[in-house]
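Terminal number for the sequence shown in the numbering used here: 392, no gaps in between. Notes follow the structure.
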Amino acid sequence: MAEPSTITDPTDPRLADYTGLTDVELRRRREPEEGLFIAEGEKVIRRAVAAGFRMRSMLLTPKWLDVMADVIADTPAPVHVVEPKLAEEVTGYHVHRGALASMERKPLPEAAELLTGARRVAVLEGLVDHTNIGAIFRSAAALGMDAVLLSPDCADPLYRRAVKVSMGAVFSVPYARLDPWPAALATVREAGFELLALTPSGADDLDATAPHTLPKAAVMLGAEGDGLTPKALAAATRRVRIPMSHGIDSLNVGAAAAVTFYAVNTGI
């Protein structure tokens, strides 16, 4: 157990992991390169620790010391205590949850490794919005998906916003990058998966395809607006769509993912 230490200087080098958390471009480069990610909030920190991620340090406002006392007792990582105003100055935003932790990343597994023994996976192409990534991981965990596979240009699931939106579900569902894209989709097909491309046009109704009866199903989802690219669609086994009403032609990708994950596991 490390004794918590109070810091009053925003330029203190011990706070380096937490500086400029709102700078998305900086974080996209820095966090993967330095092998770290930021967990925000008590529940997310606890879930990261429970998932086996090693803590580098914690940044707490005073009122969170008692709440996090058991976590502090179980980690040798330094615990930095700062006033809320200083936390905001360092991070660049109001840290209303009052608890942050810098965690070490784990090496990503190979896609083929994740597919071994899996029956239901999500395949994401070109999703750069961290909120959508977090929402999809939360749905994947809740609705029984075994893994998530990401194209190389998808956003980082361990970026702070994605972790926060997922409520730590990014720690529960294993994921890997499919590279090169889309050629690596062959890995999914060779593992025995039906590639179900979700698209609003030129597709069969999702319920009519009875996806829950498939031995192995991979749900393919593209970015909002453009959706899956022609090359990704060409690699699919089947194109499916969620039936719509009231003239609506599509759903937010996070909502569409939740509906489809439910369908491939239990039917609709």
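Don't be surprised by glycine CBs; every beta carbon is placed ideally from N, CA and C.
How is residue i classed by DSSP in three states: helix, strand or coil?
{"i": "residue 325", "result": "coil"}
{"i": "residue 217", "result": "coil"}
{"i": "residue 199", "result": "coil"}
{"i": "residue 223", "result": "strand"}
{"i": "residue 300", "result": "strand"}
{"i": "residue 385", "result": "helix"}
{"i": "residue 254", "result": "helix"}
{"i": "residue 338", "result": "coil"}
{"i": "residue 279", "result": "coil"}
{"i": "residue 292", "result": "coil"}
{"i": "residue 162", "result": "strand"}
{"i": "residue 343", "result": "strand"}
{"i": "residue 206", "result": "coil"}
{"i": "residue 144", "result": "coil"}
{"i": "residue 129", "result": "strand"}
{"i": "residue 181", "result": "strand"}
{"i": "residue 157", "result": "helix"}
{"i": "residue 189", "result": "helix"}
{"i": "residue 248", "result": "strand"}
{"i": "residue 152", "result": "helix"}
{"i": "residue 238", "result": "helix"}
{"i": "residue 348", "result": "coil"}
{"i": "residue 243", "result": "coil"}
{"i": "residue 262", "result": "helix"}
{"i": "residue 310", "result": "helix"}
{"i": "residue 271", "result": "strand"}
{"i": "residue 232", "result": "coil"}
{"i": "residue 330", "result": "coil"}
{"i": "residue 375", "result": "coil"}
Could you name the residues of the same chain whose beta carbon sits closer than 6 Å to that of residue i, not counting the 5 residues immediately before and after it, in chain order?
{"i": "residue 313", "result": "none"}
{"i": "residue 236", "result": "311"}
{"i": "residue 278", "result": "248, 251"}
{"i": "residue 356", "result": "249, 306"}
{"i": "residue 199", "result": "179"}
Between which residues of its own chain and residue i is the CB-CB distance below 7 Å, once the five residues before and five after are set aside?
{"i": "residue 244", "result": "268, 269, 270, 341, 388, 389"}
{"i": "residue 195", "result": "169, 170, 173"}
{"i": "residue 297", "result": "261, 264, 265, 269, 271, 272"}
{"i": "residue 153", "result": "none"}
{"i": "residue 382", "result": "263, 267"}
{"i": "residue 308", "result": "235, 302"}
Could you pull out every residue in the same chain whose Cβ sits closer than 8 Å to the Cβ of residue i, ignoring the five residues on either side in sequence?
{"i": "residue 326", "result": "363"}
{"i": "residue 186", "result": "205, 207"}
{"i": "residue 333", "result": "320, 362, 364"}
{"i": "residue 230", "result": "176, 177"}
Figure out for me which residue from the options has the closest Cα to the Cα of residue i.
{"i": "residue 159", "options": "151, 355, 165", "result": "151"}
{"i": "residue 127", "options": "144, 183, 167", "result": "183"}
{"i": "residue 192", "options": "213, 216, 166, 214", "result": "166"}
{"i": "residue 360", "options": "370, 367, 318", "result": "318"}
{"i": "residue 303", "options": "329, 275, 283, 280", "result": "275"}
{"i": "residue 134", "options": "209, 367, 231", "result": "209"}
{"i": "residue 256", "options": "130, 375, 129, 131", "result": "375"}
{"i": "residue 378", "options": "371, 347, 369", "result": "347"}
{"i": "residue 188", "options": "225, 217, 200, 316", "result": "225"}
{"i": "residue 380", "options": "162, 148, 330", "result": "330"}
{"i": "residue 137", "options": "214, 358, 176, 179", "result": "214"}
{"i": "residue 242", "options": "316, 181, 227", "result": "316"}
{"i": "residue 180", "options": "161, 197, 190", "result": "161"}
{"i": "residue 176", "options": "227, 338, 372", "result": "227"}
{"i": "residue 384", "options": "367, 143, 129", "result": "367"}
{"i": "residue 164", "options": "358, 288, 239", "result": "288"}
{"i": "residue 148", "options": "217, 131, 211, 129", "result": "217"}
query = Any contact of the region 199 to 211 with the region 245 to 252, i.e. 3+ C-beta pairs under 8 Å?
reply = no
When you compare the region 209 to 221 with the region 330 to 350, are there three or more beta-carbon pairs, one atom per stretch, that lie closer than 8 Å?
no
Checklist entry - Any chance the region 168 to 182 sits against the region 285 to 292, with 3 or more Cβ pairs inside 8 Å? => result yes
For the 8 Å Cβ check, are there 3 or more pairs between the region 315 to 330 and the region 351 to 361? yes
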